[in-house]
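Residues 12 to 363 (the numbering used here) are what the sequence shown spells out, left to right. A virtual CB, placed ideally from N, CA and C, is assigned to each residue, including glycine. None of these values were measured; they are calculated from a predicted model.
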Amino acid sequence: MKAAVYYGAHDVRIEERPIPSRGDGEVLLRVLRSGMCGTDATEWRSGPHLFAVGETPHPVSGHTGPLIFGHEFIGKVVEAGPGSTFAVGDRVASGAGVWCGECPRCLEGRTNLCWSYRTLGLNVDGGMAEFVAAPEKMFAPIPDGLSLDAAGLSQPLAVGLHAARRSGVADGDRVVLIGAGAIGTFVLAGILSMADAEVTVVDFAGPRLDRAARLGAKRIIPTSDSVVADVLEAVHPRGADLVIEASGAPGQLANAIRMVRSGGTILQVGLPARPPEVDIHSLVIREITLRTTNAHVFAQDLAPALQLLAHSTLVEELLDSVHPLDDIPGQLDLLAAGQIEGKVLIDPSLSA
Ligand SMILES: [Zn+2]
Ligand SMILES: [Zn+2]
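As structure tokens, then:
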């Protein structure tokens, strides 16, 4: 089969690999769509960071050597074991993360914090390939009538839904969301699906903010030197109930601290490239709660993400383009350069 294999920064090769064999409790999928993500672009630009690539075996997965990346994939079952919940031909969406089901974090339902959590496409071979084999418990059926392009957005939307739940957003909240790229857009959709909240979105002026407005943001504010004052004036002079930092850009956590009200909550979604300087003094004096979010919880987030995609315009708003495997290096270049505003999907059945 053809697969996109990551060797290091600016080095992804489209190679011929054996079709993976299916283990116990696993299904073999023909990949139908595989999404590229900001994480992949970061690994392309300056990795490996999260990708388990190199001589030292990954502590959980044991993976060494180059890696088939791709952690946002859907496919069609071509082989299932006896007693499987899936039949050959079923269309399924992947949560990407595999959990043990037995450790303390799994038992309390936080499977994304499993002691032996591993993610296909990050810590072990993933879905930028024609086929992938993986445990069947990490797949959810794609609802009839949902397009492949829409279903191809279900994993990152599950991450957005998880972020919204982690934020604790409630009806009537004044919310500020910093960052309207792909991740911010999925978080916006999650927040609006979960609460009757008034959301103000901050980003550079342009198509991302316009998209946020069409998707239901109450107001959009272009970033500038006076962005904190602009937000306080528009939202509330004492600050927002909840500020979500989804840009990971330098200085934005500091801005979030200045935008939130006393007793309010900040949710950090983006991964800053460098450790940010945090004004702990201001957090303590005003009893600000600082929360974080990572990945998603399969049982809570993936099926709802598929349902939400069936009833929203997210795919029309967010899908940039669909490409064959051979286009991956070029698309990673564009993504890493910030030249793609939405999501790029790979369809391995297309030829270059
Ligand atoms: Zn991702
Ligand atoms: Zn576990």
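Asked	Found
Can R44 and D358 be called in contact, C-beta distance under 8 Å?	yes
Go through the residues and name those whose CB comes closer than 6 Å to any heavy atom of ligand 1, in chain order.	C48, T50, H82, E83 and P167
On the CB-based measure, 16 or more other CB atoms within 10 Å of its CB, does G341 come out buried or exposed?	exposed
For Q350, report the span of its beta strand (DSSP E) as first-last.	Looking at the DSSP string, Q350 is not in any beta strand (DSSP E), and its letter there is neither H nor E.
What three-state label does DSSP hand L282 in the structure shown?	coil
Could you give the first and the last residue of the continuous beta strand (DSSP E) run that contains G370?	Any answer about residue 370 is impossible in this case: the structure gives the chain only from 12 up to 363.
Give the DSSP bridge partners of R24, in chain order.	V16
If we call anything under 8 Å between Cβ atoms a contact, is L220 one with V210?	no
Checking 8 Å against the spacing of the C-beta atoms, do D338 and A363 come in under that value?	yes
Can you list, in chain order, the residues of its chain with a C-beta nearer than 6 Å to that of R102? Leave out the 5 residues immediately preceding and following it.	K87 and I153
With distance defined between alpha-carbon atoms, name the residue in L343, D182, G274 and P283 nearest to L264.	P283
So, at 6 Å on beta carbons, what are the nonlocal neighbours of R116 in its own chain, with the 5 sequence-adjacent residues on each side left out?	L124 and C125
Are the beta-carbon atoms belonging to F84 and V38 less than 8 Å from one another?	no
Residue range of the alpha helix (DSSP H) that I202 falls in?	A193 to M205
Let me make sure I understand the geometry here. Which of A14, L345 and Q318 has the alpha-carbon closest to that of F142?	A14
Go through the stretch 114 to 175 residue by residue and report every complete run of the beta strand (DSSP E) that reaches 3 residues or more, in order.	142 to 146 and 150 to 152
Whose CA, out of D236, V326 and H292, lies closest to the CA of R225?	V326
Let me check one thing: in DSSP terms, what residues is R185 bridge-paired to?	E209
How far does the alpha helix (DSSP H) with V71 in it reach, from first residue to last?	Careful: V71 lies outside any alpha helix (DSSP H) and carries neither H nor E.
Need the endpoints of the alpha helix (DSSP H) that H60 sits in, please.	Per DSSP, H60 belongs to no alpha helix (DSSP H) and is neither H nor E.
Distance, Cα to Cα, A310 vs A20?	34 Å
Determine the DSSP secondary structure at F215, reduced to helix, strand or coil.	coil
Across which residues does DSSP place T276 in a beta bridge pair?	L253 and T300
Would you tell me roughly how many angstroms separate the C-alpha atoms of Y18 and A245, rounded to the nearest one?	47 Å
Looking only at its chain, what residues have a beta carbon closer than 7 Å to the beta carbon of A316, apart from the 5 residues adjacent to it on each side?	S165, L168, A169 and L172
Comparing the CB of G112 with every heavy atom of ligand 2, is any distance shorter than 7 Å?	yes
Please name the residue, chosen from V42, H60, G195 and I194, that lies closest to F150 on a Cα-to-Cα basis.	V42
Between which two residues does the alpha helix (DSSP H) containing V239 stretch?	V238 to V246
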